[in-house]
Amino acid sequence: MTNNPFPLSRDDLLTAYRTMRTIRDFEERLHVEFAKGDIPGFVHLYAGEEACATGIMMHLTDIDRIASTHRGHGHCIAKGVDVHEMMGEIYGKATGCCRGKGGSMHIADLSKGMMGANGILGAGAPLICGAGLAAKFRGDGGVGLTFFGDGAANQGTVLESMNLAAIWNLPVIFVVENNGYAESTSVEYATAVDSYVDRAAGFGLPGVTVDGTDFFAVYEAAGEIIKRAREGGGPALLECKTVRFFGHFEGDAQTYKAKGENEHNRAHRDCLKLFGARVTAAGIVADADLALIDREVAALIDDAVETAKGAPLPGPRELTTDVYVSY
Ligand SMILES: Cc1ncc(C[n+]2csc(CCOP(=O)(O)OP(=O)(O)O)c2C)c(N)n1
Ligand SMILES: [Mg+2]
């Protein structure tokens with residue numbers, strides 16, 4: 106019997122791989138489908154960043170809440186939102202998790218603790234302070250995590266929320282997914298500090314930076330700070346340095362990237378390949394185990410796309426439902 110050198114059981118390693126593969130295939134497929142013109146609105150793909158959402162979310166249950174971003178599909182999948190309902194939502198169909206009224210940037214499923222993707226940069230941070238405060242009052246051990254990008258990290262809402270979380274000692278984790286760009290603006294141009302974690306001390310928060318393409322680095326760092334928050338130790342900042350394989354949005358010509366940058370990242374910084382190489386080299390998981398998951402996930406995504414395409418649009422009578430004002 107091979108000794109398992111990882112902090113997860115073999116079953117949990119396979120779950121992690123399945124989650125990352127599901128996110129990757131979901132996004133790769135949307136890249137193809139979006140180009141056909143059937144998907145309304147904007148789509149921002151998370152491919153390349155899968156290890157961040159997965160390494161973090163494996164520490165959470167449905168009582169824990171997350172607030173996501175415009176690039177939210179990976180967060181939703183890793184938090185357990187149903188892939189068919191997500192696809193239906195992105196296609197604007199009545200079968201979507203928000204009945205087709207939200208689309209890609211407003212996928213939410215409160216039953217899973219997924220408070221919503223969000224088209225407003227930095228808007229998740231104050232929301233998660235509210236969720237953290239509620240969890241603290243309930244005393245149920247729940248934590249809240251908000252995700253934001255390197256660009257959104259400079260929003261006042263994020264900085265004010267860090268201060269609020271610190272003074273109220275909220276069970277809240279701030280996760281900056283630093284993929285190097287805010288739209289076409291590089292992080293070096295927009296931010297003076299080398300690492301966002303350099304800011305943490307200014308708010309009285311502990312902070313840690315990890316290689317966001319390394320599932321195990323994310324998993325271990327997230328585990329520690331989430332446990333600490335759950336036990337009343339307060340908020341923290343986690344920076345995951347990562348890469349995005351596609352453009353800012355689908356249709357972005359990516360002229361601001363270096364020649365060969367995407368190819369380099371896919372060859373050397375692909376979190377799925379890195380994960381697969383490590384677990385198979387250690388003899389804990391076989392190539393065939395991963396290949397079987399690949400086939401199952403491919404079938405799931407095929408079915409989700411076909412089902413979403415064939416589903417009905419919301420009818421006119423749905424126009425005034427699910428809004429704050431009752432008509
Ligand atoms: C408050 C606000 N300002 C500007 C925008 C327009 N906008 C949408 S995404 C984006 C860049 C976000 O970059 P980053 O936070 O690094 O996230 P990433 O797209 O890299 O995941 C901008 C400027 C917005 N949606 N909301
Ligand atoms: Mg970014």
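Our numbering puts the first residue of the sequence shown at 106, with every later residue one more than the last. The beta-carbon is built from N, C-alpha and C at its ideal position, and this holds for glycine as well.
Start-to-end residues for the alpha helix (DSSP H) that takes in residue i
i, result
"Cys234", "229 to 243"
"Ala404", "392 to 415"
"Ala322", "320 to 335"
"Phe131", "115 to 139"
"Ile182", "178 to 183"
"Lys198", "Unbroken run through Lys198: none, as it is neither H nor E."
"Ile272", "261 to 272"
"Val384", "376 to 386"
"His369", "366 to 373"
Closest residue to residue i among the options (Cα-Cα distance)
i, options, result
"Ala287", "His353, Val402, Gly388", "His353"
"Gly160", "Ala404, Val410, Cys376", "Cys376"
"Cys157", "Met163, Thr296, Val323", "Val323"
"Tyr151", "Phe253, Leu405, Phe380", "Phe253"
"His164", "Phe139, Gly365, Ala327", "Ala327"
"Glu329", "Pro421, Leu342, Ile233", "Leu342"
"Val302", "Ile278, Thr360, Lys217", "Ile278"
"Asn259", "Val428, Glu138, Thr296", "Thr296"
"Asp357", "Arg123, His136, Asn109", "His136"
"His373", "Ser216, Gly153, Ala172", "Gly153"
"Glu138", "Ser431, Tyr429, Val430, Lys414", "Lys414"
"Thr360", "Gly246, Phe308, Ser291, Asp116", "Ser291"
"Trp273", "Ala403, Gly309, Glu293", "Gly309"
"Asp117", "Ala416, Phe380, Ala386, Arg400", "Phe380"
"Ala240", "Glu366, Gly337, Ile182, Tyr122", "Gly337"
"Gly246", "Ala334, Glu366, Val263", "Ala334"
"His194", "Ala409, Tyr429, Thr426", "Note on identity: in this sequence residue 194 is Glu, with His being the wrong assignment. Of the candidates Ala409, Tyr429, Thr426, the one whose C-alpha sits nearest the C-alpha of Glu194 is Ala409."
"His180", "Arg134, Val281, Arg115", "Val281"
"Leu418", "His369, Val384, Cys202, Glu293", "Cys202"
"Pro110", "Gly339, Val384, Ile233, Glu423", "Val384"
"Ser289", "Glu325, Phe351, Asp187", "Phe351"
"Leu405", "Met191, Asp167, Thr166, Ala121", "Met191"
"Thr412", "Ile212, Val188, Lys206", "Val188"
Identity of the residues DSSP links to residue i by a beta bridge
i, result
"Ser291", "Tyr286"
"Ala172", "Thr251"
"Val280", "Phe252, Leu343"
"Met219", "Ile171, Asp214"
Burial state of residue i (16 or more Cβ within 10 Å)
i, result
"His175", "buried"
"Pro276", "buried"
"Pro99", "Nothing about residue 99 can be reported from this structure: the residues present for the chain run from 106 to 432 only."
"Asn283", "buried"
"Lys198", "buried"
"Pro421", "exposed"
"Ala257", "buried"
"Tyr196", "buried"
"Lys364", "exposed"
"Val402", "buried"
"Ala140", "exposed"
"Asp169", "buried"
"Val298", "exposed"
"Arg304", "buried"
"Val148", "buried"
"Lys346", "buried"
"Leu424", "exposed"
"Asp255", "buried"
"Arg126", "buried"
Span of the beta strand (DSSP E) around residue i
i, result
"Thr314", "312 to 316"
"Leu447", "Given a span of 106 to 432 for the chain in the structure shown, any question on residue 447 remains unanswerable."
"Cys203", "Here Cys203 belongs to no beta strand (DSSP E), and DSSP marks it neither H nor E."
"Glu344", "341 to 346"
Integer Cβ distance of residue i from residue j, believed to fall under 8 Å
i, j, result
"Gly208", "Gly146", "5 Å"
"Ile225", "His178", "Contact doesn't hold; Cβ gap of about 17 Å is too wide."
"Ser300", "Thr314", "5 Å"
"Ile398", "Leu215", "About 29 Å; that fails the 8 Å criterion."
"Ile389", "Thr124", "Not quite, the Cβ-Cβ distance comes to about 17 Å (not below 8 Å), so this is no contact."
"Ser266", "Ala230", "4 Å"
"Ile182", "Phe131", "6 Å"
"Lys217", "Gly185", "5 Å"
"Met220", "Leu238", "Not really, about 14 Å apart at Cβ, beyond 8 Å."
"Ala228", "Thr262", "6 Å"
Any chain C beta carbon closer than 9 Å to residue i
i, result
"Ile161", "Here chain C cannot be found, since the structure has a single protein chain."
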